[in-house]
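Reading the sequence shown from the start, the letters are residues -2 to 302 in our numbering.
Even glycine gets a Cβ: it sits at the ideal position worked out from N, Cα and C.
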Amino acid sequence: MSTNIEIIPVAGRIGAEIRGVRLAADLPAESIAAVRAALLKHKVIFFRGQNHLDDLQQEQLTPIFGGKPVAHPTSIPKVGSESKVILELDSNHGGRADSWHTDVTFVEAYPRASILRGVKIPAAGGDTVWANTAAAYDNLPVHLRELADKLWAVHSNEYDYAIRKGTPTEAELKHYAQFSSTVYETEHPVVHVHPETGERSLILGHFVRNFVGYTKPDSAQLYNLFQSHITKLENTVRWRWQEGDVVVWDNRATQHYAINDYGDQHRVVRRVTVDGVAPVSVDGRRSFTRSTATKKQGQPEAVVA
């Protein structure tokens, strides 16, 4: 395997393409070190031409990024795959993640990283955009940083899907019903300290329900204020997919948005996530689960503290 690795920044504050690496579980130690360092520095890294990977081989990449593969807490893994944790996002079945989010923040120890592989890519459209939430924090006005340091937010996988998606299709409603089959509520600090870099980074995105101690109207205004800083163009990078691409992002320091501009063209990507730890606030407090509730016929059935 080649160790002649090239790391080419794609945008000024986030994103780098890595060349000279054929991804596999048995990468040389020096290659693993270079790839992991690039991920921490650039937040999202792009690999072209990884068509040799299948589902199981994709799952086996997780140790490169510091952890073990973990299944999505509610969505069903791809049926018939050798991998028991891979999540398929198929545009024909409601898998269009077209709102800003950090993956799975509705659980306490949400994934540290995500590994996404392009399987079926539209001829035009279907790009993904990532935002650097550490750069967003660093560039907040000082008084907003001080406010953010003190805020906590409730995250949940249950939200008004029709409002978020306009008029959802039947496939989208079915996708959401499975996604919210167990309802989670978790409190996270709005600002956490990255466990590897020490950077402060914002934890927001579309799973936020409200800020602790604030009404819903006030929470909405605060959310829009901070979210607008995260998604400033200066903090973002946009990737034009090709089949066989693999993209890995630090889920502790990014948000992302899959652009839904490809109509009825078919788009399929498959994701493996790497286990994480509960975030820690600037004053040392950890995120915690408020409740989980299993649904029956669309309604909460039982709550476990």
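- Relative to the Cα of A128, the nearest Cα in the group R114, H191, D135, K40 belongs to K40.
- Taking a 10 Å sphere around the C-beta of P186, we find 16 or more other C-beta atoms and assign the residue as buried.
- For H191, there is no enclosing alpha helix (DSSP H), as DSSP marks it with neither H nor E.
- In this chain, the alpha helix (DSSP H) harbouring I227 covers 213 to 227.
- K147 sits in a helix when the DSSP states are folded into three classes.
- Short of 8 Å from the beta carbon of K213, and not among the five residues preceding or following it, lie these beta carbons of its own chain, in chain order: N207.
- Take the alpha-carbon of A94 and the one of A255: they are about 5 Å apart.
- Cβ neighbours of I2 within its own chain (closer than 8 Å, five residues either side excluded): I15, R16, G17, V18, S28, A31, V32.
- With the rule of 3 Cβ pairs closer than 8 Å, the region 234 to 243 counts as touching the region 115 to 124.
- Between the region 134 to 145 and the region 255 to 268, the count of Cβ pairs shorter than 8 Å is below three; the stretches do not touch.
- Here H185 carries a strand assignment [DSSP, helix/strand/coil].
- Beta bridge pairing from DSSP links R114 with V243, R267.
- Taking 8 Å as the cut-off, the Cβ atoms of T102 and F204 count as close.
- Rounded to whole angstroms, the gap between the alpha carbons of R109 and G64 is 8 Å.
- L199: member of the beta strand (DSSP E) spanning 197 to 199, first to last residue.
- E196 and A250 do touch by the CB rule: their CB atoms are close to 7 Å apart, below 8 Å.
- Straight-line spacing of the CA atoms in T125 and L144 works out to 30 Å.
- In the DSSP assignment, L86 falls within the unbroken beta strand (DSSP E) covering 84 to 87.
- According to DSSP, residue pairing for S288 in a beta bridge involves E182.
- Judged by DSSP secondary structure, Q252 falls within the beta strand (DSSP E) whose first and last residues are 251 to 255.
- With at least 16 other beta carbons inside 10 angstroms of its own, V244 counts as buried.
- Between the C-alpha atoms of G210 and G123 there is a straight-line separation of about 38 Å.
- Its Cα nearest to that of G91, the residue R264 stands out among T286, I227, R264.
- Residue pairing by DSSP places E3 opposite R16 in a beta bridge.
- In terms of CA proximity to E193, L36 leads the group L36, I11, G9, I5.
- Across the structure, L20 and R45 are spaced so that their CA atoms are roughly 10 Å apart.
- With a threshold of 16 other beta carbon atoms within 10 Å, S284 meets it and is buried.
- Within the same chain, Cβ atoms closer than 6 Å to the Cβ of V271 are found at T59, F62, G64, P108, R109, A110, the five residues on either side in sequence being excluded.
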